[in-house]
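S.K.: Here it is: the structure, laid out below.
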DNA sequence: ATGCCTCAGCTCCTGAGA
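Residue numbers (this note's numbering): 219 to 483.
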């Protein structure tokens, strides 16, 4: 019996968005999904427990959801049109009190949604925790990439790659999100076999994914690019585009972060 | 500037975010 190849004309869209409270931002998430019907949306900073997660509203919008919540802080979720399988919460092998990572397989792609630690200030306990967390993530991903070559790692990294990701490279040099120690870990992740999909393409100068609420940060475009979508080597040839969608930052009561969207063929 | 916003919560102040 002859099997014919299915003509694949399938484009897969994946996005990440730190919503800074899903309770406050749910209407904006639903509006955004209606206008941007992506296949996968990773959310960070839910700031709610699983019993308060809006499964019903998202199901009515056509999305299956896997959540990993926490009271007050952190909390992550994976929304997808096709239900995610083989779901894993946090980093296997790294003991963590906080809900920061959720992983699942959607349409043959291993998707890791992550809320990297903030780190507060170089030299602080929180900075040490961030360094340990980054090492734990890398050790786990090294094995995960072997099991799942087609992998997307996306979320709020709380790290800039270089000066192009900073509104004030001089004034912000060596401050949190911009230190050599943080960037060392980010490059070490890349060295596992990832590419920053955003920089595969020419982008507008001063492209950022986060702006401080204070002092007119967005209006003056004083921001940072700290939300990233990394694609594994096995997926790189399938990348069609990556862009930052700034429009939700104009909403009333916006999140301080905006979505980053990846399109695969 | 120990500041500026925004959010959650042991809620009318504080801690955390970035």
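The beta carbon of each residue, even a glycine, is placed where N, CA and C say it ideally should be.
Locate the alpha helix (DSSP H) running through residue 251, then write down its first and last residues.
M.R.: One-based indexing of the first chain puts residue 251 at position 33. Run containing residue 251: 240 to 253, per the alpha helix (DSSP H) assignment.
S.K.: Are the CB atoms of residue 427 and residue 478 within a distance shorter than 7 Å?
M.R.: Stepping through the first chain from its first residue, residue 478 is reached at position 260. Stepping through the first chain from its first residue, residue 427 is reached at position 209. In contact: residue 478 and residue 427 (Cβ atoms closer than 7 Å).
S.K.: Could you tell me which of 263, 283, 292, 291 sits nearest to residue 298, measuring between CA atoms?
M.R.: Position 80 of the first chain holds residue 298. It is 283 whose Cα lies nearest to the Cα of residue 298.
S.K.: Just list the beta strand (DSSP E) runs in the region 290 to 337, keeping only unbroken ones of 3 residues or longer that don't cross its boundaries, in chain order.
M.R.: Segments of the beta strand (DSSP E) lying fully in the region 290 to 337: 294 to 298, 303 to 307, 319 to 324, 327 to 333.
S.K.: Rounded to whole angstroms, what is the Cα-Cα separation between residue 386 and residue 393?
M.R.: Taking the first residue of the first chain as position 1, residue 386 is located at position 168. Taking the first residue of the first chain as position 1, residue 393 is located at position 175. Those two C-alpha atoms are separated by around 11 Å.
S.K.: Spell out the partners DSSP gives residue 429 in its beta bridges.
M.R.: As a working mapping, residue 429 is identified with position 211 in the first chain. DSSP, once it has assigned bridges, lists 441 as partnering residue 429.
S.K.: Please report the straight-line C-alpha distance between residue 344 and residue 228, rounded to a whole angstrom.
M.R.: Residue numbering aside, residue 344 sits at position 126 when the first chain is read from its first letter. Residue numbering aside, residue 228 sits at position 10 when the first chain is read from its first letter. Distance between the alpha carbons of residue 344 and residue 228: 42 Å.
S.K.: Name the two residues that bound the continuous alpha helix (DSSP H) containing residue 391.
M.R.: Residue mapping note: residue 391 aligns to position 173 of the first chain, counting from 1. It is not in any alpha helix (DSSP H) - residue 391 carries neither H nor E in the DSSP assignment.
S.K.: Which residue wins for smallest C-alpha separation from residue 313, given the options 352, 336, 425?
M.R.: Position 95 of the first chain, counting from 1, holds the residue named residue 313. Measuring from the Cα of residue 313, the nearest candidate turns out to be 352.
S.K.: Who are the Cβ neighbours of residue 411 in its own chain at under 7 Å, not counting the five residues just before and after it?
M.R.: To locate residue 411, count along the first chain from 1; it is residue 193. 363, 450, 451.
S.K.: Quick one, are the C-beta atoms of residue 469 and residue 246 less than 7 Å apart?
M.R.: The count along the first chain starts at 1 and reaches residue 469 at position 251. The count along the first chain starts at 1 and reaches residue 246 at position 28. Yes.
S.K.: Between the alpha carbons of residue 425 and residue 296, how many angstroms are there, rounded?
M.R.: Taking the first chain and counting its residues from 1, one reaches residue 425 at position 207. Taking the first chain and counting its residues from 1, one reaches residue 296 at position 78. Distance between the alpha carbons of residue 425 and residue 296: 25 Å.
S.K.: What is the DSSP secondary structure of residue 236, counted as helix, strand or coil?
M.R.: Residue numbering aside, residue 236 sits at position 18 when the first chain is read from its first letter. Strand.
S.K.: How about residue 235 and residue 309: do their beta carbons lie closer than 7 Å?
M.R.: Residue mapping note: residue 235 aligns to position 17 of the first chain, counting from 1. Residue mapping note: residue 309 aligns to position 91 of the first chain, counting from 1. No, they are not a contact pair.
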